[in-house]
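Residue numbers (the numbering used here): 1 to 371.
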């Protein structure tokens, strides 16, 4: 299985660097529920609101959540549909295609730019930056990581400066709304704005693209489920969540102990770093019967795909809408999806998830049916 290169038999495993890897579902849930003991302040860099604890986190979370409201998602949905129609229509010709570069990556990129109100000229620079970031993360070089982060922050500051200098020339989109936002009666400073936009851009681009690739690959390699969803597309959202439970698009998250505590019978001193493994927690056999089987009718209550607690993903509604639209459109505009032997399928390199390359055939509808 490409999504499970390592397997931990205990809920906590030492990581070899003084920290612990947390894979047990119960242990992950306890960490998510107890932010007094397990702090999200794991980085020296400002991370709004992911790297914050209450009460600071609560104030910024309240500021951010309206931007992911049902009304905002309803506004975004037609743009998402148009993006899917364009991309799927271009690839649904039956020949072998590399679906990460041809579909999953541009889908995530175009959707996120549409959400933020950024024009098409941002697509290529953002794609280039993502590749640089992935290379820097894979290298583990602190200087490379610092340079990549600085480059992106500069891009965000440039966008903000353009908005401020030509406020009457831009629509009332998310970026403009953020510029007009206040906290305790004061406008947000650039460091906070950059952090929010970095989090939305970097986080959403990577996870949406990974999710799209995972879902397309799963359906291509599980024709029975593909056929079932063609017959009953109303089941797509539940199937998407179940597939992504098995193959997590976001591998992990971090916490640090705020004080000494005990977890899974292990005493942890204050300052202990913890890595929460979403995929392994979501495949915990003590919680999920036959955890590697895709059962879309399974109760979603224990699924940690979008986290839990105060740090549950605020963009879950957007992600579900986007992925539902992509898969629904792909199935509606093709008669069959299958792996392509002529193009390599390669898993993404750690710490990314999903696929670096994904060879597929998207067979078009017959002329009679599409006429």
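Glycine is no exception: its CB is placed at the ideal position from the N, C-alpha and C atoms.
Predicted model only: the values in this text are computed from it and were never measured.
Contact under 8 Å by Cβ, residue 255 with residue 276: yes
In whole angstroms, what is the alpha-carbon distance linking residue 166 and residue 117? 14 Å
Residue 222, DSSP secondary structure in three states: Reduced to three states, the DSSP call for residue 222 is coil.
Among 68, 93 and 332, whose alpha-carbon lies nearest the alpha-carbon of residue 232? Each of 68, 93 and 332 was checked against the Cα of residue 232, and the nearest Cα belongs to 332.
Locate the alpha helix (DSSP H) running through residue 165, then write down its first and last residues. 142-165
Could you check where the beta strand (DSSP E) with residue 22 kicks off and where it finishes? 20-22
Give the single residue among 301, 286, 338 and 156 whose Cα lies nearest to the Cα of residue 224. Nearest C-alpha to residue 224: 338.
What are the partner residues of residue 256, as DSSP defines its beta bridges? Note: residue 256 sits in a beta bridge opposite 39 and 273.
How far does the alpha helix (DSSP H) with residue 108 in it reach, from first residue to last? 105-116
Comparing alpha-carbon positions, which option in 278, 258 and 279 lies nearest residue 269? 258
Have a look at residue 164 and residue 63 and give me their C-alpha separation to the nearest angstrom. Rounded to whole angstroms, residue 164 and residue 63 show a C-alpha spacing of 20 Å.
Is it true that the stretch 236-254 meets the stretch 292-312, where meeting means three or more beta-carbon pairs spaced less than 8 Å apart? yes
Using a Cβ-Cβ cut-off of 6 Å (strictly less than) and excluding sequence neighbours within five positions of residue 207, which residues of its own chain qualify? 249 and 250
Range covered by the beta strand (DSSP E) that runs through residue 78: No beta strand (DSSP E) holds residue 78; the alpha helix (DSSP H) holding it covers 70-91.
Look up residue 54 in the DSSP assignment and give the residues it is bridged to. DSSP, once it has assigned bridges, lists no residue as partnering residue 54.
Would DSSP call residue 326 helix, strand or coil? helix
Is the distance from the Cβ of residue 364 to the Cβ of residue 92 below 8 Å? yes
Identify the continuous beta strand (DSSP E) that holds residue 363 and give its terminal residues. 359-364
Do the CB positions of residue 212 and residue 323 come within less than 8 Å of each other? yes
Alpha carbon of residue 18 to alpha carbon of residue 266, nearest angstrom: 13 Å
Contacts around residue 134, its chain only, beta-carbon distance under 7 Å, and the 5 residues preceding and following it disregarded: 352
Please list, in chain order, all residues of the same chain as residue 119 whose beta carbon is under 7 Å from its beta carbon, the five residues on each side excluded. none
Report yes if the C-beta distance between residue 174 and residue 67 is below 8 Å; otherwise report no. yes
Please go through the same chain and pick out, in chain order, the residues whose beta-carbon is closer than 8 Å to the beta-carbon of residue 238, but skip the five residues on each side of it. 296, 297 and 300
Spell out the partners DSSP gives residue 382 in its beta bridges. The chain is shown only over 1 to 371; residue 382 falls outside these bounds and no answer can be derived.
Closest Cα partner of residue 29 within the set 137, 302, 10 and 56: 302
Does the beta-carbon of residue 99 have 16 or more other beta-carbons within 10 angstroms, so that it is buried, or is it exposed? Buried: at least 16 other Cβ atoms inside 10 Å.
Over what stretch of residues does the alpha helix (DSSP H) that includes residue 28 continue unbroken? 25-33
Continuous beta strand (DSSP E) stretch holding residue 268: start and end: 266-268
Taking the C-alpha atoms as reference points, what is the distance between residue 192 and residue 246? 34 Å
Please classify residue 112: is it buried, with 16 or more other beta-carbons within 10 angstroms of its beta-carbon, or exposed? It is buried - the Cβ of residue 112 has at least 16 other Cβ atoms within 10 Å.
Can you tell me where the beta strand (DSSP E) holding residue 97 begins and where it ends? 96-98
For the candidate residues 84, 85 and 327, whose alpha-carbon lies nearest to that of residue 217? Measuring C-alpha to C-alpha distances from residue 217 to each of 84, 85 and 327 identifies 327 as the nearest.
Taking 8 Å as the cut-off, decide whether the C-beta atoms of residue 344 and residue 357 are in contact. Yes; because the gap between Cβ atoms is below 8 Å, this pair is in contact.
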